[in-house]
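In this note's numbering, the protein residues as written are 234 to 380.
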């Protein structure tokens, strides 16, 4: 079921680090300033592209907060389309270890079954960047909440 808000006060929330959001807004502002002040066309084009990318990242990290919400009843994943609420009995949570750029990276994988009879499946993969915390610590907290 799709919902637009998460209002439970006894839940745990994970979201982007606020410094990332502020940084994206700052880069977008500086790049826009560069577009306005620069005199050369290639520099202006480069700055315009940087402005668009940084602005998209800033808007996304501002609107998609919190990314993950959990309580004793289940989990909620937020995206630009809204929030997907899934009870624990329809969610599988695991910690994945992968090699990226020569180092091991942990991610939290949520396999969610939703819909009328749980016939729709969605795999959500969240890392340290999206969670604003170590995925192992988030996994421990989710395990505690699940009971």
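The beta carbon of each residue, even a glycine, is placed where N, CA and C say it ideally should be.
For residue 252, there is no enclosing beta strand (DSSP E); the residue is found in the alpha helix (DSSP H) stretching over 251-270. For the options 339, 323 and 322, the alpha carbon positioned closest to that of residue 330 is the one of 339. Apart from the 5 residues on each side of it in sequence, residue 295 sits with its Cβ closer than 7 Å to the Cβ of 254 in its chain, given in chain order. Per DSSP, residue 315 is one residue of the beta strand (DSSP E) stretching across 315-320. Judged by DSSP secondary structure, residue 277 falls within the alpha helix (DSSP H) whose first and last residues are 274-296. Linking residue 266 to residue 372 through their CA atoms gives a straight-line distance of about 42 Å.
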